[in-house]
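Undergrad: Next up is a structure, given as structure tokens.
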Amino acid sequence: MGARRYEPKEIEAYWQKYWDEISLFKMDPDSLRPKFYCLMMFPYPSGTLHVGHGRNYTLGDVLARYKMMRGFNVLTPMGFDAFGLPAENAAIKGGMHPKTSTYANIVTFKRQLGRYGIGYDWGREVISCAPEYYKWTQWIFIRLFEKGLAVRKKAPVNWCTGCQTVLANEQVVDDKCERCDSKVIQKELEQWFWRITEYAEPLLKDLETLDRWPDKVRTMQRNWIGKSEGAQIDFGVDGDDAKIRVFTTRPDTLFGVTFMLLAPEYPGLEKLIADRAEATAVRRFADQVKNQIGTERASEGAIKEGVFTGRHAIHPMTGEKIPIWVANYVLMEYGTGAVMGVPAHDVRDFAFATKYKLPIRVVIAKPGETPSAHPTEAFTEDGVQVNSREFDGVPNRESYGKIVAALEKKGVGKPTIHYRLRDWLISRQRYWGAPIPMIRCEKDGIVPVPDKDLPVLLPDSVEFKPTGESPLARLDSFVNTTCPKCGGPARRETDTMDTFVDSSWYFLRYLSPKDPTKPFDSRIVNKWMPVDQYIGGVEHAILHLLYSRFVTKVLADLKLVSFREPFAALFTQGMITKGGEKMSKSRGNTVSPDETIDQWGADALRLYTLFLGPPEKDAEWDDRAISGPFRFLVKAWDLVHDTVDKIVKEDPKGLATATYSKEARALRQKTHATIRDVTDDVEKSFHFNTAISKLMVLVNDARAFADASGFAEPGDRLAMRECLEALTRLLAPFAPHLAEECFKTLGHAQSVFRDRWPEADATLVKADEQEIVVQVNGKTRTTVTVPAGLDPDALVARANAAAAEWLAGKTIVKTIVVPGRLVNFVVK
RNA sequence: GCCAGAGUGGCGGAAUUGGCAGACGCGCGGGUUUCAAAAACCCGUGGGCGAAAGCUCGUGGGGGUUCGAUUCCCCCCUCUGGCACCA
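In structure tokens form, the structure reads like this:
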């Protein structure tokens, strides 16, 4: 029986304190070792952690500890995305001031992370709501303003009726607020935007360089940016000097245009209809459509409706008169708000034309076929031009460019690219965020706060009930100021910034968290960035990751950093579910790490979290199943403590020259195969679940060996010692407390994390014997155990003998030999 | 609708380049121990047939390629995620 029982409570606090004392997680700025920047998405400090949150930090901690053992100078910082609505909403409901509750929650989070045995370089902690941090968020805002990338403009914006503030496009899901699920409506407001659209092309193109990001995330970003190539074409208006510019991806269908469509919000609409008999009807229709929201209007299922404006456009190539309609399915947000209607080759236009009995003209046909004069559906495939004058007979892929060239020559069109991406609306009419550092002066207009006056402090005492206007606007002492240019009376901007601004650069601040003179030190940042491994939830696939990439590119263009992508590798972990649902306080299905640690210990919790399944996938939490990993820890502990006295005196130098029994050789083989497998699982795929299962197998095998051996032979003692030395190191990133304790038991004086990860000996990984599958007609009948590397003829002979029962009376037509694997006899 | 990803025992999940399907763990059944229970340990555990040896079916469904398919190809079904009147 074990000399000492495994008691997690007795060892975990000790080692946590010890790691702190030796500054295990402190990055060494002067080290010559290769750097490894291991970053986990910093959390919003809500009430308390649950084990679902814990998965993210556990993964990062395992990686950080592993990389330490591989000889890297590891940077693993942590901080808090501390501005945000939940704290403010709680305060409104009568809770504490957001600042008080946020800092209290941070204390809780840090304590919980500590109990997990998760270590960080806490000396680098950043808290986004601290003035020392948001000073630099404001500083970055001003740099963007100076570059013309932070602009105030009037636009239709998303307004969350629950949060009483505007939202970015990315924060609206199915017409609802991503955060609170309230209805989101459109409002025409003047707001601050960051012009991320200026970077649409590099944001798209550089995705190609991110080969260590999940394809899924790259695809999502690509779709979100939504590039489409086409042409802009100008149509004249009959009896008016107006021009209608359309964007189309199908200039090859130009000769099939039989009507024009305008969005109800089209700016030139009123001028076009003012003197027309149809004006009243058009206005009524447009107003009605404008009042529809989101999916009601803009979804494929929605009914296509429109009205004739009484006006005609002039076809740029044929001079034909084309009726102009207003239609609900034309969106002002995309393209120019005007579309050319080609019913023969666009399903939407076809539906519209059918409904309003508009002409349908086929201009692309399948080669060799005469198109129907009355098509029953839109033909959207490739073909050759017909009814297209000089382009007839040309395949549409070729005519595409030729038609654009012809338009260009006439000065009425040119190739164009459109993106779906919208500018990033960063204003928020709420309190708990970084104030936008701008001043409005009647004389000088919008003026940035001078750098020397930063930060613009967020005042503590404010009545912050949401009214649709920023709470700061009601605080005269905040609003009233003087113009930095003319010294006259001026008013401060009272909106605060979207919290995604705070999180779009925090990974840079970790590198000089206390620097009072600048947001980050370019020299240090250029050395440490990009992040070597970023770990976080897939819910940030677009929002945070796109914004961070954008800000990085802007900083690169400002010559403040020398890299254009912040995260070289990204890992997105899956959710942990309970009862098939996401863990959340409101569902009441959260599992507390504190209680789990009280019952099973931090190492068991970590191990079970990792053992649930591959970390990129969602996983279902089963309270009972943690007993498996716990029992494994007990077995590993007992194995070390039961055998240490018997093996400890052996000199490891004898390892290479000793003689080994068959069993001892098998143990050595298992040890080295496990080193190889666990290393591969960690290194290649983060598949810690299989790594742990292999360690379980090793412990089971080693236990059987220990029970059978009296350790009288030096070979047995050496093989066992080798196994335990490897086991404790391999286990260390996963179960660090237990590993440290066992490492000490084995006689080591320093931390296992200051030791080296074991190396597999390739010659020992190979087993002495192999079990070969013997098949007859592809069906497994038996197996034979043969010496490794037996020549094929001898192998077939052995297999033949073993399968005699199934081969009797048959003729062997063919024999398939896969060395080291199987022999298959094909018989008749 | 379009684009990804997935579908394997009662459950979570394993399976190099196609080569013993179900590793490892939970649960379950039986046993040891105990006055008893818990814990621990040992044995068993995909379905069907069989006393057993063994046979047979089996990785969402249907076809195909192959000596051999969870793996490759075609068609279909279901689920998850993303996009969705994007011109």
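Numbering (our numbering), first residue to last: 507 to 1334. The C-beta atom is built at its ideal place from N, Cα and C for all residues, glycine as well.
Does residue 741 come out as helix, strand or coil in the three-state DSSP assignment?
TA: What you label residue 741 is simply residue 235 of the first sequence in a count that begins at 1. DSSP places residue 741 in strand when its eight states are reduced to three.
Undergrad: Output yes or no for whether 8 Å exceeds the beta carbon distance between residue 767 and residue 792.
TA: Along the first sequence, one-based indexing puts residue 767 at 261. Along the first sequence, one-based indexing puts residue 792 at 286. No, the pair does not count as a contact, with Cβ atoms beyond the cut-off.
Undergrad: What span of residues does the alpha helix (DSSP H) with residue 654 cover, start to end?
TA: Counting from 1 along the first sequence, the entry for residue 654 is found at position 148. Element bounds for residue 654: n/a, residue is neither H nor E.
Undergrad: Report the rounded CA-to-CA distance for residue 1039 versus residue 716, giving the unit in angstroms.
TA: The sequence position of residue 1039 within the first sequence is 533, counting from 1. The sequence position of residue 716 within the first sequence is 210, counting from 1. In a straight line, the C-alpha of residue 1039 is about 12 Å away from that of residue 716.
Undergrad: Nearest by alpha-carbon distance to residue 544: which of 790, 565, 658 and 846 is it?
TA: For this step, residue 544 is matched to residue 38 along the first sequence. Checked all of 790, 565, 658 and 846; the closest Cα to residue 544 is 565.
Undergrad: Should the stretch 731-749 be regarded as contacting the stretch 822-842, the criterion being three or more beta carbon pairs within less than 8 Å?
TA: Yes, they touch.
Undergrad: Just reading off the beta strand (DSSP E) that residue 748 is part of, what are its end residues?
TA: In the first sequence, counting from the first residue as 1, residue 748 sits at position 242. Start and end: 746-754.
Undergrad: Distance check for residue 837 and residue 662, CA to CA, integer angstroms please.
TA: Within the first sequence, residue 662 is the residue found at index 156, counting from 1. Within the first sequence, residue 837 is the residue found at index 331, counting from 1. Cα to Cα, residue 662 sits roughly 12 Å from residue 837.
Undergrad: Between 525, 531, 547 and 642, which lies nearest to residue 1061 when the distance is taken from Cα to Cα?
TA: Here residue 1061 refers to the residue found at position 555 of the first sequence. It is 642 whose Cα lies nearest to the Cα of residue 1061.
Undergrad: Under DSSP, the beta strand (DSSP E) around residue 997 begins and ends at which residues?
TA: Along the first sequence, one-based indexing puts residue 997 at 491. Taken as a continuous stretch (DSSP letters only), the beta strand (DSSP E) holding residue 997 covers 995-998.
Undergrad: Counting pairs of beta carbons, one from the stretch 869-883 and one from the stretch 688-702, are three or more of them closer than 8 Å?
TA: No contact exists between the stretch 869-883 and the stretch 688-702.
Undergrad: Pick helix, strand or coil for residue 646, following the three-state DSSP scheme.
TA: Here residue 646 refers to the residue found at position 140 when the first sequence is read from its first residue. Helix.
Undergrad: Any idea if residue 820 is buried or exposed, counting beta-carbon neighbours within 10 angstroms, 16 or more meaning buried?
TA: As a first step, residue 820 is located in the first sequence; it is residue number 314 there, counting from the start. Buried, by the Cβ-count rule.
Undergrad: Within the chosen definition, does the stretch 589-608 reach the stretch 983-990 through at least 3 CB pairs nearer than 8 Å?
TA: The stretch 589-608 vs the stretch 983-990: no contact.
Undergrad: Classify residue 815 as buried or exposed, calling it buried when 16 or more other Cβ atoms lie within 10 Å of its own Cβ.
TA: Your numbering for residue 815 matches position 309 in the first sequence. Buried, since its Cβ has 16 or more Cβ neighbours within 10 Å.
Undergrad: Helix, strand or coil: how does DSSP classify residue 508 here?
TA: Working through the first sequence from its first residue, we reach residue 508 at position 2. With a pLDDT of only 43 at residue 508, under the threshold of 50, the placement of this residue in the model should not be trusted; the figure read from the coordinates follows. The answer is coil: DSSP assigns residue 508 none of H, G, I, E or B.
Undergrad: Have a look at residue 1290 and residue 1090 and give me their C-alpha separation to the nearest angstrom.
TA: Counted from its first residue, the first sequence places residue 1290 at position 784. Counted from its first residue, the first sequence places residue 1090 at position 584. Rounded to whole angstroms, residue 1290 to residue 1090 spans 54 Å at the Cα level.
Undergrad: Kindly indicate which three-state DSSP category residue 1229 falls into: helix, strand or coil?
TA: Locating residue 1229 in the first sequence gives position 723, counting from the first residue. Looking at residue 1229 - three-state DSSP - the assignment turns out to be helix.
Undergrad: Have a look at the DSSP bridge pairing and note the partners of residue 689.
TA: Within the first sequence, numbered from 1, the residue matching residue 689 stands at position 183. Residue 689 pairs with 682.
Undergrad: Quick check on the burial criterion: 16 or more other C-beta atoms within 10 angstroms. Buried or exposed for residue 880?
TA: Stepping through the first sequence from its first residue, residue 880 is reached at position 374. With fewer than 16 other Cβ atoms within 10 Å, it is exposed.
Undergrad: In angstroms with no decimal places, state the Cα-to-Cα distance between residue 549 and residue 1006.
TA: What you label residue 549 is simply residue 43 of the first sequence in a count that begins at 1. What you label residue 1006 is simply residue 500 of the first sequence in a count that begins at 1. One C-alpha to the other measures close to 12 Å.
Undergrad: With DSSP as the reference, identify every bridge partner of residue 718, one or two as the case may be.
TA: If you number the first sequence from 1, residue 718 lands on position 212. Beta-bridge pairing links residue 718 to 1075.
Undergrad: Taking the alpha-carbon positions, what's the residue 671 to residue 678 distance?
TA: Position 165 of the first sequence, counted from the first residue, corresponds to residue 671. Position 172 of the first sequence, counted from the first residue, corresponds to residue 678. The alpha-carbon atoms of residue 671 and residue 678 are separated by roughly 12 Å.
Undergrad: Just verifying my parser: in three-state terms, what is the DSSP assignment at residue 850?
TA: One-based indexing of the first sequence puts residue 850 at position 344. In the structure shown, residue 850 sits in a helix (DSSP, three-state: H, G or I).
Undergrad: Within a Cβ cutoff of 6 Å, which residues of the same chain sit near residue 811, ignoring the five residues on either side of it in sequence?
TA: Within the first sequence, residue 811 is the residue found at index 305, counting from 1. Within the same chain, residue 811 has close Cβ partners 834.
Undergrad: Taking residue 933 as the reference, which of 1237, 657 and 1185 has the closest Cα?
TA: Within the first sequence, the letter at position 427 stands for residue 933. With distances taken between Cα atoms, residue 933 lies closest to 657.
Undergrad: How would you write the range of the beta strand (DSSP E) that residue 673 sits in, first residue to last?
TA: Along the first sequence, one-based indexing puts residue 673 at 167. From DSSP, the beta strand (DSSP E) with residue 673 extends over 671-673.
Undergrad: What are the residues that DSSP puts in a beta bridge with residue 661?
TA: Locating residue 661 in the first sequence gives position 155, where the first residue counts as 1. Answer by DSSP bridge pairing, in chain order: 695.
Undergrad: Taking Cβ positions, are residue 687 and residue 533 nearer each other than 8 Å?
TA: Within the first sequence, numbered from 1, the residue matching residue 687 stands at position 181. Within the first sequence, numbered from 1, the residue matching residue 533 stands at position 27. Against a cut-off of 8 Å, the Cβ pair of residue 533 and residue 687 comes out as no contact.
Undergrad: Where does residue 1327 land, buried or exposed, given buried means 16+ other C-beta within 10 angstroms?
TA: What you label residue 1327 is simply residue 821 of the first sequence in a count that begins at 1. Burial call: exposed.
Undergrad: Just to confirm, are residue 1356 and residue 758 a CB contact at a threshold of 8 Å?
TA: Here the chain has residues from 507 to 1334 only, and residue 1356 is not among them.
Undergrad: Among the residues of its own chain, which have a CB less than 6 Å from the CB of residue 1165, if the five just before and after it don't count?
TA: As a first step, residue 1165 is located in the first sequence; it is residue number 659 there, counting from the start. Same-chain partners within the cutoff: 1221.
Undergrad: Run the CB neighbour count on residue 891, radius 10 Å, all protein chains shown included, and call it buried at 16 or more, exposed below.
TA: As a first step, residue 891 is located in the first sequence; it is residue number 385 there, counting from the start. Buried.
Undergrad: Hey, how far is the Cα of residue 1282 from the Cα of residue 1273?
TA: Residue numbering aside, residue 1282 sits at position 776 when the first sequence is read from its first letter. Residue numbering aside, residue 1273 sits at position 767 when the first sequence is read from its first letter. Distance between the alpha carbons of residue 1282 and residue 1273: 26 Å.
Undergrad: Go ahead and pull the three-state DSSP assignment for residue 599.
TA: The residue labelled residue 599 in the question sits at position 93 within the first sequence. In the structure shown, residue 599 sits in coil (DSSP, three-state: anything other than H, G, I, E or B).
Undergrad: With residue 938 and residue 586 assumed to form a contact (beta carbons below 8 Å), what rounded beta-carbon distance in angstroms separates them?
TA: Numbered from 1 along the first sequence, position 432 holds the residue referred to as residue 938. Numbered from 1 along the first sequence, position 80 holds the residue referred to as residue 586. Rounded, the Cβ-Cβ distance is 13 Å, inconsistent with contact.
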